[in-house]
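This report refers to the structure that appears directly beneath it.
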Amino acid sequence: MGVRLPKNLLQKYGFTHSLVLEETAQGLLLRKKQDDKLSWADTYKAMANEDEDWNEYDQTLLDGLENDDFDA
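For the sequence shown, the working numbering gives the first residue as 17, with consecutive numbering after it.
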């Protein structure tokens with residue numbers, strides 16, 4: 017079973033992709049599905065705010081490459 021809604025009504029309220037239908041005490045509620053993905057900018061900001069120690073990766077940075085001849 018499904019429900020059909022007019023396209024112009026969906027556009028009026030900014031629904032472009034997936035919707036969530038919730039049952040509430042007042043009735044049914046349609047809302048946008050929350051997108052948990054971060055934008056590239058938000059991802060960069062989140063990574064910059066983390067207090068991670070990357071020093072252990074510095075030791076393996078040139079593993080096997082320090083003896084090779086290449087122009088840096």
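The beta carbon of each residue, even a glycine, is placed where N, CA and C say it ideally should be.
Keep in mind that this is a model prediction, so the values were computed, not measured.
By DSSP's criteria, LYS48 is part of a beta bridge. Which residues make up the other side? DSSP lists LEU35 as partners of LYS48.
Paired residues, beta bridge with GLY43 - DSSP: DSSP lists THR40 as the bridge partner or partners of GLY43.
Leaving out five residues on either side along the sequence, give the residues of the same chain with a beta carbon under 6 Å from the beta carbon of LEU35. Cβ neighbours of LEU35 beyond the five flanking positions: LEU46.
Measuring CB to CB, does LEU26 end up less than 8 Å from LEU37? Not closer than 8 Å, so no.
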